[in-house]
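Presented below is the structure to which this report refers.
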Amino acid sequence: MILHRLMLQDFRGVTREEVEIPTQGVLVVEGPNESGKTSLMDALEMLLEHKASSGRADIKATKPVGRDVPVVVEAEFTIDDLRLCYRKEFVKGKQTSLHFPGSAREALSGDDAHNYVRDLLESKVDRSLWRALRIAQDEPIGQVNAAEGMDSLRRALDAAAGGEDPTGDDSLIAQVTEERNRYLTAQKGGPTGDLARSEARLAEARELLTRAKAEHAELDAAVDAHAQQAAVHRSHSEAQSALETEVTRLEAAAVVVSERRQVASDADTRVDRAAAEHDAALRMVRDRGDLVSEVERERDRTKAARKAVEAAADRLGPAQERADGARESLEAAEAALTRARASLDRARLTQESEHRRREYQRLDTLIDTVEGIGDELSAVDARLTEVAIPDDAVERIRSADESLREAVVRSTASAPTVEVAGSGQLVVAGESREADPAWTERIVDDTVFEIGDISLTVSPAGDTDAVRREETSARRRLETVLREIGVADRAEVEERARLVDSLRGQVEALRRRRTDLLAGRPSMTSAPAGTLCGTSSPMPTRRRRTVGRKTTPDRK
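Per our numbering, the sequence shown starts with residue 311, numbered consecutively.
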């Protein structure tokens, strides 16, 4: 264990005392009797051995007389490269705290802190040797079983406390001097021997550690950057895969549309031929039926005429003439009916052809629209890929920019302001200036003002350099983030973020529109004839039903 600092407050007769332990050499605490030298070691022992809540009589005895205040003991020491700041308040308050300076460890308090230090001391410190090396000035030497030389140590302590050394034995000083010369030079106190070699190895090890930490930090940064780029690559790959799948589906749909166009064309030809044959057959059937009916009526009329002829032979001639006239009228009516039917068939064929033409135009428009949406979607995706930025880019740049602004404000606030007014010349940092007109300047470095034979030096506050370094560090951090993302400033990255959001909205809108077109919404499928690509009912079937609805169902 290496002790760095020990502080006592309201401990016996000591109001407050703090001792800093140097890292090299031998520390001798010197003072008159009853000045508190022994209290230092007693306080350290009480800090390490007893809980703050202890009610021992010797602990209560450390309370200053006539004052109701806590007895405070605080020590800072290192055990196995772990630095600890340990504090306890005895008698009143009874609090315990443990901090780890220079470490990210969480602070402890109460019994947790006490138990942690006790366990650390038990495992890392030879407690028996620690107790044996303590020599109280007012106690007999027999209290410890130590090697020879303790007598001279006691006499030296007595002499340092104001007494006299009756023997003149300075063997302790000689031993201390000899031990010091093993590690430090006699004149300047610089390291030598094992200490110098150890410090050289320590410096080399620290340099290697620093380089290793820097390389490790660079490696971590590279790993993080690779992970970000990999995530972006995966996102782009997934988007590209989805687009390729969509393009493949659209190409397959286009092939299906083309095939169905050919099938529809062939079917239309067969339908037209079958409809013509059907209409001709129907006409022949109707004509035959009319002829058969007419023949029957003629037969009846013939029979009647024969009877009439037999009854009135003198009227046979005129009746025959009327029969011939009626037959001619019938033939003329049948010819007109045939012409009217032919006109009706031509009109029907024209109407069906026009309807099919409009349906083909609608399908062509749909295909052109889907292809246009695909082209526009590709263009938007390409633009989105071009301006894409990491998801956390805006937040990172905003954070770095805010840090820089705060650092600039602190840097501006930390620099003193000098205002010069009057007339005449003065020299500022070796440069001559006129005091008129008045001017004001912030001082960031030591600046010398010379007015005649008078020289005035203005120095900035002690923390100005630290604040300026903080500003420089914040500026470099912002430049690094801007360079990594590939933008010029915060406004550009925010503009690109807004553009990315807008492009993503366009992509989503285009995809929804294309999905609506290909899914066949009601507004697109309400046409009486034909179907959209992707439906199960073929176009010829619906056209056949249209023809049948106008002809065959009427006959039934």
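Yeah, the Cβ is synthetic: ideal placement off N, Cα and C, and Gly gets one too.
Beta carbon of residue i nearer than 7 Å to that of residue j
i: V383; j: K402; result: no
i: F410; j: M311; result: no
i: A353; j: F321; result: yes
i: T406; j: A362; result: yes
i: P726; j: I753; result: yes
i: V777; j: R720; result: yes
i: E781; j: A710; result: no
i: K434; j: D390; result: yes
i: V738; j: F759; result: yes
i: D655; j: D589; result: yes
i: F400; j: V381; result: yes
i: L316; j: A385; result: yes
i: T296; j: V768; result: For the chain, the structure presents residues 311 to 866; residue 296 sits outside this window and is missing.
i: E784; j: S713; result: The sequence shown places Ala at residue 784, not Glu. Closer than 7 Å, so yes.
i: L560; j: V697; result: no
i: V486; j: V329; result: no
i: E327; j: L313; result: no
i: L505; j: Y493; result: yes
i: L813; j: L687; result: no
i: P501; j: E489; result: no
Residue i classed as buried or exposed, judged by whether at least 16 other C-beta atoms fall within 10 angstroms
i: S724; result: buried
i: P543; result: Looking at the sequence shown, residue 543 is not Pro but His. Counting Cβ neighbours within 10 Å, H543 comes out exposed, since fewer than 16 surround it.
i: S639; result: exposed
i: A584; result: exposed
i: M594; result: exposed
i: A574; result: buried
i: H424; result: buried
i: S413; result: exposed
i: R609; result: exposed
i: D880; result: Since the first and last residues shown for the chain are 311 and 866, residue 880 lies out of range.
i: L529; result: exposed
i: T774; result: buried
i: T841; result: Any reading at T841 is ruled out, since the residue's pLDDT is 36, under 50, leaving its predicted position unreliable.
i: S349; result: buried
i: L788; result: buried
i: V565; result: exposed
i: R806; result: buried
i: V427; result: buried
i: E662; result: buried
i: E359; result: exposed
i: E669; result: buried
i: L392; result: exposed
i: L394; result: buried
i: K866; result: A caution first: K866 carries a pLDDT of 35, below 50, which makes its placement in the model unreliable, though a value can still be read off. Classification for K866: exposed.
i: L357; result: buried
i: L418; result: buried
i: L828; result: buried
i: L518; result: exposed
For residue i: DSSP bridge partner residues
i: Q319; result: R326, V382
i: H409; result: C395
i: S742; result: V737
i: S812; result: Partner(s): none; S812 has no beta bridge.
i: T388; result: I312, R393
i: R795; result: Here residue 795 turns out to be Ile, not Arg, going by the sequence shown. None; I795 has no bridge partner.
i: S433; result: None, per the DSSP bridge assignment.
i: S765; result: E760
i: S419; result: S407
i: P501; result: L494
i: T774; result: Partner(s): none; T774 has no beta bridge.
i: E751; result: V728
is_contact[residue i, chain C] using C-beta, thresh 7 Å
i: R785; result: The structure shown contains no chain C; it holds only a single protein chain.
Q) If you pair each beta-carbon of the segment 692-709 with each one of the segment 569-576, do three or more pairs fall below 8 Å? A) Output reads no: the segment 569-576 does not touch the segment 692-709.
Q) Should the segment 788-795 be regarded as contacting the segment 637-655, the criterion being three or more beta carbon pairs within less than 8 Å? A) Output reads no: the segment 637-655 does not touch the segment 788-795.
Q: Inspect the CB distances between the segment 814-827 and the segment 669-684 and report whether three or more fall short of 8 Å.
A: Yes, they touch.
Q. Going along the chain, which unbroken runs of the beta strand (DSSP E) with 3 or more residues stay wholly within the segment 662-732?
A. Taking 3 residues as the minimum length, the beta strand (DSSP E) runs contained wholly in the segment 662-732 are 727-730, in order along the chain.
Q | Stretch-stretch touch, CB-based, cutoff 8 Å, three pairs: the segment 524-540 with the segment 800-811 | A | Contact between the segment 524-540 and the segment 800-811 is absent, because fewer than three Cβ pairs lie under 8 Å.
**Q.** Contiguous alpha helix (DSSP H) assignments of at least 4 residues, all confined to the segment 541-614
**A.** For the segment 541-614, not one full-length alpha helix (DSSP H) segment reaches 4 residues or more.
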